[in-house]
Structures are given as C-alpha cells and as structure tokens.
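Read through the structure below, which is laid out as structure tokens, and then see the notes.
Numbering (our numbering), first residue to last: 17 to 140.
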C-alpha cells in the first residue's frame, strides 16, 4: 500500500488519469480502490457490476462473482461492456477494477495495478 501511495503522490494530481486495477476476488482490489477514490476524489467503476446487472435484468439474480464471471465469457457482451466502460472513462478521473481490465478493457490506462495473493488470503 505504501508503494501505491508513493506512486500516486508522484503523479501530478491536478491532471486526471485513469487507474485500472486487475485480478480476481479477494486480493485487495476494494481496499486499494477505496484508498485512491477517497484520497484523490476519483470516480469508481467495478466492471463485474455490469455483468451482475445483465443477470439481474434477465431475472437471474447474480449475487456472487462466479456467476458474473460465467456471463463475462459471452464475447459479444464482453465487448459491449468494455466499450461502454471506455466511453465512460474517456474524460479521465476513474478507478476501474475487474478481471482483465488492464489488458482487455483499458490497456492504455495511465496506471495499471495488478494484484495477487497467496491461497491463504483467498480462502480467509
């Protein structure tokens, strides 16, 4: 977390950027996102919520991320959601989290954070 804070301090905070945070559940994306959003007044997008909304809209109440991940394998839907996110963040000032967000959705994000955790952290 100190490395992230140092990285963000070194950026010109007057110039808005997009920050993409990548990887799976239970690796700390929410903690990192909350720090950035609260400290720098950025907007937040969780790409997984788009997939959950699609499931909800079709009366398939998606509570867990596993079902959202299953829906995300639909390539056409995946492309539509990624393009929608790209349009939203065009004016900068966003923290976007999700699996493959740094490679498939926002490969040009000014800051890309890829998180990992050991198995004990995932199951805790």
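Beta carbons: idealized from backbone N, C-alpha and C, even for Gly.
Could you work out which residue in 39, 123, 95, 105 is closest to residue 58 when comparing CA atoms only? Stepping through the chain shown from its first residue, residue 58 is reached at position 42. Nearest of 39, 123, 95, 105 to residue 58, Cα basis: 105.
Have a look at residue 127 and residue 116 and give me their C-alpha separation to the nearest angstrom. Locating residue 127 in the chain shown gives position 111, counting from the first residue. Locating residue 116 in the chain shown gives position 100, counting from the first residue. So the two alpha carbons sit approximately 14 Å from each other.
Under a Cβ-count criterion, where at least 16 other Cβ atoms within 10 Å of its own Cβ denotes burial, should residue 130 be classed as buried or exposed? Numbered from its first residue, the chain shown carries residue 130 at position 114. Residue 130 counts as exposed, since fewer than 16 other beta carbons sit within 10 angstroms of its beta carbon.
Which word fits residue 55, buried or exposed, when buried means at least 16 other C-beta atoms lie within 10 angstroms of its C-beta? Your numbering for residue 55 matches position 39 in the chain shown. Exposed: under 16 other Cβ atoms inside 10 Å.
Per DSSP, what are the beta-bridge partners of residue 114 in this structure? To locate residue 114, count along the chain shown from 1; it is residue 98. According to DSSP, residue 114 shares a beta bridge with 38.
Can the beta-carbon of residue 112 be found closer than 8 Å to that of residue 122? Numbered from its first residue, the chain shown carries residue 112 at position 96. Numbered from its first residue, the chain shown carries residue 122 at position 106. Going by C-beta atoms, residue 112 is nearer than 8 Å to residue 122.
When you compare only the Cα positions, how much space is there between residue 91 and residue 124? Start at 1 with the first residue of the chain shown, and residue 91 comes out as number 75. Start at 1 with the first residue of the chain shown, and residue 124 comes out as number 108. For residue 91 and residue 124, the distance between alpha carbons rounds to 21 Å.
What's the gap between the Cα of residue 32 and the Cα of residue 47? As a first step, residue 32 must be located in the chain shown, where it is residue number 16. As a first step, residue 47 must be located in the chain shown, where it is residue number 31. Those two C-alpha atoms are separated by around 21 Å.
Helix, strand or coil for residue 101, going by three-state DSSP, please let me know. In the chain shown, counting from the first residue as 1, residue 101 sits at position 85. Look at residue 101 here: in three-state DSSP terms it is helix.
Who does residue 62 pair with in a DSSP beta bridge? Taking the first residue of the chain shown as 1, we reach residue 62 at position 46. By DSSP's assignment, residue 62 forms a beta bridge with 113.
Do residue 63 and residue 101 have their CB atoms nearer than 8 Å? Against the chain shown, residue 63 aligns to sequence position 47. Against the chain shown, residue 101 aligns to sequence position 85. Yes, the pair counts as a contact, with Cβ atoms nearer than the cut-off.
For residue 78 and residue 89, I'd like the C-alpha separation in whole angstroms. On the chain shown, position 62 is the one that residue 78 refers to. On the chain shown, position 73 is the one that residue 89 refers to. With a pLDDT of 49 at residue 78, under the threshold of 50, the modelled position of this residue cannot be trusted, and the question is left open.
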